[in-house]
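Report on the structure given below.
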Amino acid sequence: MTRGNLIGSNAILSYLRMEYSSYTAIVHPGKGEKPHVGQVRFNIGEQFARLSFFAPAEELDNRPLLALLDHLAWECGNRHALRLIAEIDEDDPCFEAFRQAGFMVYARQRIWKIPASQQDTRNNEDNPWVTLNAASQHALQNLYHVIVPPLVQGAEAMDKRPVHGLGYTQNGELMAFVEVIHGPLGVFLLPVVHPNLRQPALLLEKLINQLPALFGRPVYLAVREYQSWLNSAAESLHGEPSQQKVLMVKHLARQQRVGVTQTLRKVLENHGAEPSAPIIQHSKTKE
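Sequential numbering from 9 applies to the sequence shown in the numbering used here.
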């Protein structure tokens, strides 16, 4: 979205170089059939990998797609990723194939494209958004755990990596933060906003005004299903909504039981139980 067409020379070169930042795989279904291509990307500091693309989307068969997804997941595990995340349209015919490959839905979202004409850099002196820093991490984690559902936390774990973006404080309390991801074709915003925030549309407009050096690039605002009330704010900014997207995750690390020395249990078992009162035995004799 913000990086343009990933199916090109970059994908081929990453496949040949086997770079750690990305990996591209090709599956040949059979003679005379188009090859299936998929790419995953790794970002420094994240515990998961992202599925960048798979193609050709309109001609993918389930069996080659399953082989492609399994291979990509295996390569992600080799590169120490704990999870593989994918984003597809809710009505995508490949949805069931992803389920069969071990992916599960953890969230839904809609992407709003905010036109570049919405940016107005005038009167930025009183802009309430500030850049997040190391001192903001504790407040950021508190807001994250309050707003974001456990399923999303388990998939993305935003609180376990440094977040680059802007925050908004109200009465000394962090009420919103927005992760900002820059690309050559646009800027992607992922907000986490407290529902008690006042005038969200106005604050989002001020946020867009504060973004540096857009140079006519559009802004993409992700609105998750658990924050659907932000859709009206995005619409007021003349945003264009995308189709509903489903976010899916495949967990690559299996939970293992670890043996723990249970000293206390052994002591209790060896010591036995002592009654607090004497036990009276009744006996019956024959006369």
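All residues carry an ideal CB built from backbone N, CA and C; glycine is no exception.
Under 7 Å between C-beta atoms of residue i and residue j
i, j, result
"valine 195", "leucine 210", "no"
"leucine 245", "isoleucine 119", "no"
"leucine 77", "leucine 260", "no"
"isoleucine 96", "phenylalanine 56", "no"
"isoleucine 216", "valine 200", "no"
"leucine 212", "leucine 182", "no"
"alanine 124", "leucine 255", "no"
"valine 35", "proline 72", "yes"
"leucine 148", "leucine 197", "no"
"valine 138", "glycine 175", "yes"
"proline 208", "alanine 242", "no"
"glutamine 117", "lysine 253", "yes"
"valine 231", "leucine 238", "yes"
Residue span of the alpha helix (DSSP H) that contains residue i, given as start and end
i, result
"phenylalanine 106", "103-108"
"lysine 214", "208-218"
"isoleucine 155", "145-155"
"glutamate 243", "238-244"
Boundaries (first-last residue) of the beta strand (DSSP E) holding residue i
i, result
"histidine 190", "181-191"
"aspartate 78", "Counting along the chain, aspartate 78 falls outside any beta strand (DSSP E), though it belongs to the alpha helix (DSSP H) covering 70-86."
"serine 60", "56-63"
"glycine 46", "44-50"
"serine 30", "30-35"
When the options are compared against residue i, the one with the closest alpha-carbon
i, options, result
"glutamate 83", "Ser30, His172, Glu164 and Ala230", "Ser30"
"glutamine 47", "Pro72, Leu80, Gly247 and Gln207", "Leu80"
"asparagine 204", "Leu222, Lys214, Gln235 and Ile189", "Gln235"
"valine 154", "Ala230, Ala184, Glu243 and Val138", "Ala184"
"proline 101", "Asn70, Asn86, His88 and Gly110", "Asn70"
"glycine 173", "Arg225, Asn141 and Gly180", "Asn141"
"asparagine 135", "Gln178, Ala33, Phe103 and His146", "Gln178"
"histidine 44", "Ala75, Phe50, Arg58 and Pro192", "Ala75"
Nearest-angstrom Cβ-Cβ length linking residue i and residue j, presumed shorter than 8 Å
i, j, result
"glycine 53", "arginine 169", "5 Å"
"lysine 258", "alanine 105", "With a Cβ gap of about 12 Å, lysine 258 and alanine 105 do not count as contacting."
"glutamine 251", "glutamate 41", "So it is not a contact: roughly 28 Å between Cβ atoms."
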